[in-house]
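In our numbering, the protein residues as written are 6 to 180.
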């Protein structure tokens, strides 16, 4: 009885961890990059040019891990339990869809997550990636907002080495 109660109590935490990881795994395991910028939770790998599939076409063959992550977010949304952490996962899912509309949606979701208190370096880097994807598709791209977000990340106190390296790399590329 006690074991069942502990299992039921831990279930939401396990689902949250898995949903957060599956969207990143879907991004890297698909073999196709859908956005130019890398994300902080992605693993480092040896350099090898990946085919990049960007554009405004709807992706009909989403990776099963991304679909699983989207389903987990939708379940939480339907239960009325969306919090800042789940919004971050939802925003990442939107960003990884790889369309102009989904990039704009990701920016809105990440901004809402920040407003709800999830103002971490990783979230800001993902916001910079979404902002870059949205703004770079404009007729006259203005990437100043992306650079400002990355400068804000670098100014954060107690920034860990991995996030600093990601932000510096992206800022150095002008992203």
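No residue lacks a Cβ here, since even glycine has one placed at the ideal position from N, Cα and C.
On a Cα-Cα basis, can you pick out the residue from the options that is closest to residue i?
i: residue 89; options: 133, 74, 115, 154; result: 115
i: residue 122; options: 93, 134, 169; result: 93
i: residue 156; options: 171, 69, 95, 81; result: 171
i: residue 102; options: 146, 129, 151, 134; result: 134
i: residue 91; options: 129, 118, 137; result: 118
How is residue i classed by DSSP in three states: helix, strand or coil?
i: residue 142; result: coil
i: residue 125; result: coil
i: residue 165; result: coil
i: residue 103; result: coil
i: residue 117; result: helix
i: residue 175; result: helix
i: residue 88; result: coil
i: residue 64; result: Caution is warranted here: a pLDDT of 49 is assigned to residue 64, below 50, making its placement in the model unreliable, and no coordinate value can be reported.
Have a look at residue i and residue j and give me their C-alpha separation to the nearest angstrom.
i: residue 85; j: residue 140; result: 31 Å
i: residue 100; j: residue 167; result: 21 Å
i: residue 109; j: residue 162; result: 28 Å
i: residue 126; j: residue 159; result: 9 Å
i: residue 154; j: residue 173; result: 12 Å
i: residue 81; j: residue 165; result: 30 Å
i: residue 120; j: residue 143; result: 26 Å
i: residue 97; j: residue 145; result: 25 Å
i: residue 129; j: residue 176; result: 13 Å
i: residue 111; j: residue 169; result: 22 Å
i: residue 113; j: residue 71; result: 19 Å
i: residue 147; j: residue 104; result: 18 Å
i: residue 151; j: residue 124; result: 16 Å
i: residue 74; j: residue 87; result: 14 Å
Could you spell out where the alpha helix (DSSP H) holding residue i opens and where it closes?
i: residue 76; result: 69-83
i: residue 150; result: 149-159
Less than 9 Å between CB atoms is the rule here; does residue i satisfy it with respect to chain D?
i: residue 110; result: Of the chains in the structure shown, none is chain D; there is only one protein chain.
Is residue i near the ligand NAD, with its Cβ less than 8 Å from a heavy atom?
i: residue 109; result: Because no ligand of any kind appears in the structure shown, any question about the ligand NAD cannot be addressed here.
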